Structure formats: C-alpha cells, structure tokens
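4 protein chains.
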Amino acid sequence: MHGAMDAAELSAFLDREFPQVSGDFAIERLTADGIVMRLKVGDRHLRPGGTVSGPNIFALADVAVYLAILARIGPVALAVTTGGGIDFLRKPEAGRDLIGEARILKLGRVLAVGDVLIRSEGREEPVARANMTYSIPPKR
Amino acid sequence: MHGAMDAAELSAFLDREFPQVSGDFAIERLTADGIVMRLKVGDRHLRPGGTVSGPNIFALADVAVYLAILARIGPVALAVTTGGGIDFLRKPEAGRDLIGEARILKLGRVLAVGDVLIRSEGREEPVARANMTYSIPPKR
Amino acid sequence: MHGAMDAAELSAFLDREFPQVSGDFAIERLTADGIVMRLKVGDRHLRPGGTVSGPNIFALADVAVYLAILARIGPVALAVTTGGGIDFLRKPEAGRDLIGEARILKLGRVLAVGDVLIRSEGREEPVARANMTYSIPPKR
Amino acid sequence: MHGAMDAAELSAFLDREFPQVSGDFAIERLTADGIVMRLKVGDRHLRPGGTVSGPNIFALADVAVYLAILARIGPVALAVTTGGGIDFLRKPEAGRDLIGEARILKLGRVLAVGDVLIRSEGREEPVARANMTYSIPPKR
C-alpha cells in the first residue's frame with residue numbers, strides 16, 4: 001500500500017483539525033492495512049468503577065478508522081462518518097490505556113469501511129469491536 | 001406502563017452516578033414507551049464547522065435508552081451497554097440542542113433493546129438514528 | 001410525499017426483477033414515510049420449532065426498505081444494499097405471517113437509510129427491528 | 001482451545017437440526033479462534049446479474065459464528081442469534097463459492113460475539129464483513 005500521509009502527518013492533522021480531542025489519542029503506528037491507535041485514558045473518560053465509558057471507546061474506534069482512511073487518501077478528502085456499530089465485550093482494565101487496531105476493509109469511490117479491535121494495553125482479550133463507515137466526497 | 005422511576009428520580013440518579021456527564025443531558029419527559037432527552041450542546045461537543053461530534057451523538061443515544069430502561073426496572077438493576085449501532089443522517093444545525101426520542105422495543109430477562117431518533121431541536125428531519133442493547137443482570 | 005411508483009408498480013417490479021423471492025413477499029400498503037410489507041411465511045422459511053429463520057427476517061427488512069426507496073425515486077435507480085443491522089427481539093409466532101413497517105429516514109444524493117419494525121401479524125410486540133443502508137447510484 | 005465438537009460432529013449437527021439449509025453450507029475447517037465455512041453458491045442464492053443475495057450472505061455469517069460457538073460449548077447449549085450487523089463491501093464474483101472466516105471474540109456466560117470476513121473463493125478482497133451476537137441459555 002502506498003500511503004498518502006505518514007504517522008507524523010496524521011498526528012499533525014489531528015492536532016490542527018480536532019484540537020478538542022487530539023490530546024486524548026496517539027498514533028502508535030501505521031500497519032499494512034490500517035493503523036494502531038491509543039486512547040490515553042484519563043479521569044474524564046471514566047465511569048464509576050474505573051471503566052472507560054462507551055462513547056469514549058466509540059470515539060477511539062471512529063478516530064482510528066478515520067485516520068487509517070486519511071493515511072491512504074490524504075488530508076484533502078473530507079471523509080464523514082456515516083455510521084457504525086460496536087460491541088462491548090469486556091470491562092476495560094482500570095489504569096490501562098486502550099489500544100485500537102483498525103483495518104480498512106473497503107476504500108471505494110464513495111464509501112470506506114473499516115473495523116477495529118480494542119484491547120486494554122498489554123492484554124489479549126478484546127474490550128470491544130467496532131465497524132465504521134465513511135462517506136468519501138466526490139472529486140478527490 | 002407502570003414506571004419504577006419518574007423523571008425527577010432519573011435525573012437525580014444521573015447526577016449521582018454519572019456526575020462527569022450529567023450536566024450535558026436533561027430529561028425532557030417520559031413517554032408511553034420510552035423517554036425524550038436533550039443534549040445541551042456546548043463548545044466541548046463540537047467539531048470544526050459547528051457540528052456535534054459523532055461520539056457525543058452516540059452518548060445521547062446511549063444515555064437515553066439507558067434511562068428509559070431504568071424508568072421501568074428501577075435503579076437497583078445495573079444495566080450495561082453490550083452494543084449498538086448508529087447512522088448519522090444529517091449534519092446537526094449549529095446552535096441548537098439535540099433531542100433524542102428513545103423507545104424500548106424489548107425488556108427481557110437478560111437483554112433490553114431500544115432505538116432512538118435524534119433531531120436538532122425544532123427540526124423534523126432526523127440527525128441520527130441509533131439502536132442500543134443492554135444486559136440486565138440477574139436477580140433484579 | 002410525491003411517489004415515483006405506486007404499490008402495483010412496485011409489485012410488478014419485484015416480480016420482474018426478483019422472481020426468485022417475489023412470491024415470498026406482498027406489499028400491504030405505502031405509507032407517508034415508507035411501506036408495510038408481508039412475508040408470507042411458508043415451510044421453507046422455518047427453523048425447527050416453527051420460527052422464521054433470521055436470514056428470512058433480514059430479507060423482509062431488506063426488501064421493505066428497498067421498495068420504500070424505489071417508491072420515491074423510481075425503478076431507474078439501482079439502489080444497492082451497503083449494510084444493515086438487526087436485533088431479534090422475540091420468537092415469531094408459529095403460523096402467522098410477518099409484517100414489516102419500514103420508514104425512510106434519509107434519502108440523500110448517494111445514501112438512503114431506513115428502519116423497519118417487524119411483528120407477527122396481529123401482534124403488538126415486535127419480533128425484530130432492523131436498519132438498512134443503500135447506495136444510490138449517480139445520475140439518477 | 002479445547003473444543004467440544006469437531007468438524008464432523010458440527011456437520012452432523014447441522015444436517016440433523018437444520019436440514020432445510022444444511023445442504024447450502026460446508027465446514028472447511030476449525031481454526032484456533034473460530035471456523036471457516038463455505039456457502040455452496042447455487043442458482044437459488046443469486047440475484048439478477050449473478051451476485052449472491054444479501055440475505056444469503058447474512059445466512060453464511062450467521063451459521064459460521066453459530067457453529068464456531070457450538071464448537072466450543074457443544075450441542076447441548078441452544079444459542080439463539082440476538083442480533084448482528086453486516087456491511088456489503090464488494091459484489092461477489094459470479095461462479096464462485098463464498099468463504100466465511102469467523103472468529104469468536106467473546107464467549108461469556110450469557111452472550112457470545114463473533115465476527116466474520118467473507119470472500120469469493122480464491123480472492124483476497126472481502127465481499128462482506130459481519131458481526132453476530134448470540135444469547136447462551138443458562139444452566140449449560
């Protein structure tokens with residue numbers, strides 16, 4: 001796969017375009033078919049009992065697939081999330097960041113689809129799985 | 001439907017158990033089959049361009065179905081979101097709160113399912129639709 | 001809503017384009033925002049115990065939203081299902097047809113989204129809910 | 001993973017319990033975390049143009065995750081599909097069977113979750129991805 005943006009460029013893009021959330025996330029690395037991203041878990045992400053809230057896990061899935069798409073098509077294309085689904089599989093472990101592995105399954109003319117497996121850092125069993133779909137604007 | 005909690009009790013429950021997000025939401029009213037909830041849109045919910053972010057819309061769907069379930073089964077039961085799906089249909093209008101109408105479709109022994117239609121306040125066309133599933137713990 | 005096809009035209013379209021399944025379904029009526037369709041339950045749709053199989057319920061949801069879209073945009077546009085989600089809520093009642101009420105939530109330039117509530121005929125509580133998304137080809 | 005049923009036992013189970021569809025499917029092999037299954041594509045699965053219909057692809061996803069669960073917990077447990085989601089990514093190739101690779105992501109006390117990647121035989125790019133959830137009855 002020939003990439004349009006590397007990890008540093010994606011990180012700068014996130015800081016510039018999404019300053020309200022960019023501090024929550026870090027790009028671990030680009031992969032052959034996607035990206036590995038980290039949610040830097042802080043108090044604001046937690047629910048009583050120390051688990052990361054569902055919407056924050058959804059946000060990790062969303063940003064991971066989004067950046068995996070931009071890694072291929074570049075920042076000029078404004079991809080918009082059109083929908084997604086998520087299953088919460090296990091309670092995240094307290095005191096650990098979440099690591100999301102996203103892969104692109106389709107990168108079409110108008111739609112891109114990816115899925116994500118999310119784990120507490122250092123653990124094998126997944127905390128959540130998600131699928132996300134994005135609309136790719138024309139004339140990119 | 002005989003309710004286990006009314007709007008004031010649900011609101012107090014939200015403040016007590018979810019203090020980090022309770023300020024974002026308000027219960028508009030309970031309905032025959034669910035609840036109407038408001039996301040009080042503020043700068044922290046927005047993306048560039050003034051639209052509410054996807055994870056915040058997901059959060060509104062999640063809390064709405066969750067409270068609709070608690071309205072029926074009461075606060076003793078700890079319902080946990082097991083999964084959900086969402087379609088983002090239109091860009092929310094800038095400067096308007098989001099209103100989510102949730103209805104319970106199933107309230108079973110172990111699973112509860114609801115769906116939600118979300119609109120910008122005062123508009124007819126929906127901004128998003130979502131479905132959410134919750135696990136109901138035993139011995140409630 | 002100004003419709004592009006009425007129930008008789010949709011029924012003829014289904015017979016012509018989908019002869020392998022058209023005998024399974026009947027259009028009950030068009031509604032303000034969608035369609036009501038019947039799955040004429042026969043032995044081939046059943047699982048042991050007399051319930052309709054999940055894929056057949058999915059098929060009802062798919063065809064209902066599909067025809068609701070064609071009712072608006074006409075037969076020239078070849079809409080393609082890009083995805084969907086379904087929750088199976090209750091066991092269908094043996095010996096009853098399934099009735100699906102579909103409504104269009106978005107009919108955009110490239111994507112259309114609808115949802116469906118499916119019941120055993122004459123019963124109030126839903127058997128399943130589903131959401132379906134379709135890609136609308138350009139230059140329609 | 002210690003399995004409760006092997007491929008031959010699963011195949012016999014499918015023939016006995018689901019005779020109406022068992023001829024459509026074949027177990028390719030069990031894997032470390034799931035199963036590989038084949039949909040033996042025939043005329044009855046096709047839509048005009050020679051593509052496999054969406055509900056038939058959904059059926060492959062459903063049976064694959066279902067048998068992957070039974071491979072672990074055995075035939076005594078009656079798992080019921082509670083819901084799922086599917087994205088149709090590419091048109092299946094005419095004249096080729098579909099191969100679904102399912103993996104179990106969670107096998108809990110009351111819920112099991114798996115996902116599936118479906119390809120036309122011999123092709124790399126996926127035709128569909130799906131996620132399926134099953135309710136596991138108590139006292140298994």
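So the sequence lines, in the order shown, correspond to chains B, U, Z and V. One point on numbering: in full-length UniProt numbering, the residue at position 91 of the first sequence is 91, and numbering is uninterrupted. One point on numbering: in full-length UniProt numbering, the residue at position 58 of the second sequence is 58, and numbering is uninterrupted. One point on numbering: in full-length UniProt numbering, the residue at position 7 of the third sequence is 7, and numbering is uninterrupted. One point on numbering: in full-length UniProt numbering, the residue at position 129 of the fourth sequence is 129, and numbering is uninterrupted. Cβ coordinates follow ideal geometry from the N, Cα and C atoms, glycine included. Since this is a predicted model, take the numbers as computed values, not measurements.
- Only exposed fits L78 of chain V, as fewer than 16 other CB atoms lie within 10 angstroms of its CB.
- The Cβ neighbour count for D115 of chain Z, taken over all protein chains shown within 10 Å, is at least 16; the residue is labelled buried.
- If you draw a straight line from the Cα of N56 of chain B to the Cα of A4 of chain B, it is about 27 Å long.
- Inclusion of V113 of chain V and D62 of chain B in the CB contact set at 7 Å is not warranted, their separation being larger than that value.
- Scanning chain U for C-beta atoms nearer than 9 Å to the C-beta of V110 of chain V yields V110, L111, S135, P138, reported in chain order.
- A26 of chain B is not a Cβ neighbour of R44 of chain B, given a cutoff of 7 Å.
- Chain order gives no chain V residues near R123 of chain B, where near means a beta carbon separation below 8 Å; the closest approach is about 13 Å.
- If one requires a minimum length of 4 residues, the alpha helix (DSSP H) runs lying completely within the stretch 22 to 94 of chain U are 54 to 73, in chain order.
- Straight through space, the alpha carbons of Y134 of chain Z and V41 of chain B are spaced by roughly 36 Å.
- At the C-beta level, R119 of chain U and V110 of chain U stay beyond 7 Å of one another.
- Look at D115 of chain Z here: in three-state DSSP terms it is strand.
- Going by beta carbons, S22 of chain U and L10 of chain U fall outside the 7 Å limit.
- Chain U has a Cβ within less than 7 Å of the Cβ of A59 of chain B.
- If you look at R103 of chain V, you'll find it in the beta strand (DSSP E) that goes 98 to 107.
- Taking the Cα positions, L107 of chain V is about 22 Å away from A94 of chain B.
- The Cβ of D87 of chain V sits closer than 7 Å to at least one Cβ of chain B.
- Nearest C-alpha to L67 of chain U among U:G54, U:T31, U:G49, U:P138: U:T31.
- At a cut-off of 7 Å between C-beta atoms, G50 of chain U does not count as an interface residue with respect to chain B.
- At a cut-off of 7 Å between beta-carbon atoms, K91 of chain U makes no contact with chain Z.
- Scanning its chain for C-beta atoms nearer than 6 Å, with the 5 sequence neighbours on each side dropped, one finds around P75 of chain Z the residues F13, in chain order.
- At least 7 Å separates the CB of P126 of chain V from every CB of chain Z.
- Residue contact with chain Z for R103 of chain U: absent (no Cβ-Cβ distance below 7 Å to any residue of chain Z).
- Residue pairing from DSSP places M132 of chain V in a beta bridge opposite V:G84, V:G114.
- Residue contact check for R129 of chain V against chain B: a CB pair falls below 7 Å.
- The Cβ-Cβ distance between L98 of chain V and L60 of chain V falls below 7 Å.
- Taking the CA atoms as reference points, G85 of chain U sits about 14 Å from A64 of chain U.
- Taking CB atoms only, D97 of chain Z has no neighbour in chain V less than 7 Å away.
- With contacts defined by Cβ atoms closer than 7 Å, R103 of chain U and G34 of chain U form a contacting pair.
- For E17 of chain B, the neighbours in chain U by C-beta distance under 9 Å run, in chain order, R47, P48.
- Interface residue (Cβ-Cβ distance to chain V less than 7 Å): K40 of chain B is not classified as such.
- Against G83 of chain V, the close residues of chain U are T133, in the order they occur along the chain (beta-carbon pairs closer than 7 Å).
- Taking a Cβ-Cβ threshold of 9 Å, the residues of chain B close to D62 of chain U are S53, G54, P55, F58, in chain order.
- Here S120 of chain U is bridged, per DSSP, to U:L98.
- A12 of chain U: member of the alpha helix (DSSP H) spanning 7 to 17, first to last residue.
- Sequence-distant partners of E121 of chain U (beyond 5 residues in either direction) whose C-beta falls short of 8 Å from its own C-beta, in its chain, are R38, R96, D97, L98, I99.
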